[in-house]
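Some notes on the structure that comes next.
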């Protein structure tokens, strides 16, 4: 069948900046789906994501008790716990905005 994979990777540059790289892998033809339409759709999704990310506070605490959570927060909670554990293992502490 037709396949359209979008790969997106965000790499932190500093506390307030990330570099986002995105590419697509497709196995269709121009007759199946015009590249212009696919690019426009991908750009719209990326623009929506950018607006959400830019409105989010970058200084997310690793201490989960500072916030209330719901089930959909689990991936982020797992990531924050792993990051906090790595910091402890290396004798480091979380650096928060002052």
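Numbering (the working numbering), first residue to last: 34 to 131. Even for Gly, the Cβ is constructed at its ideal location relative to N, Cα and C.
Secondary structure note for residue 58: its beta strand (DSSP E) is the uninterrupted segment 50-59. Between residue 56 and the set 122, 115, 71, 131, the nearest pair of CA atoms involves 71.
Within its own chain, the residues whose Cβ lies closer than 6 Å to the Cβ of residue 39, once the five positions on either side in sequence are excluded, are 57, listed in chain order.
The distance from the Cβ of residue 95 to that of residue 68 is about 42 Å, inconsistent with a contact at the 8 Å cut-off.
In the structure shown, residue 98 adopts helical secondary structure according to DSSP, grouped into three states.
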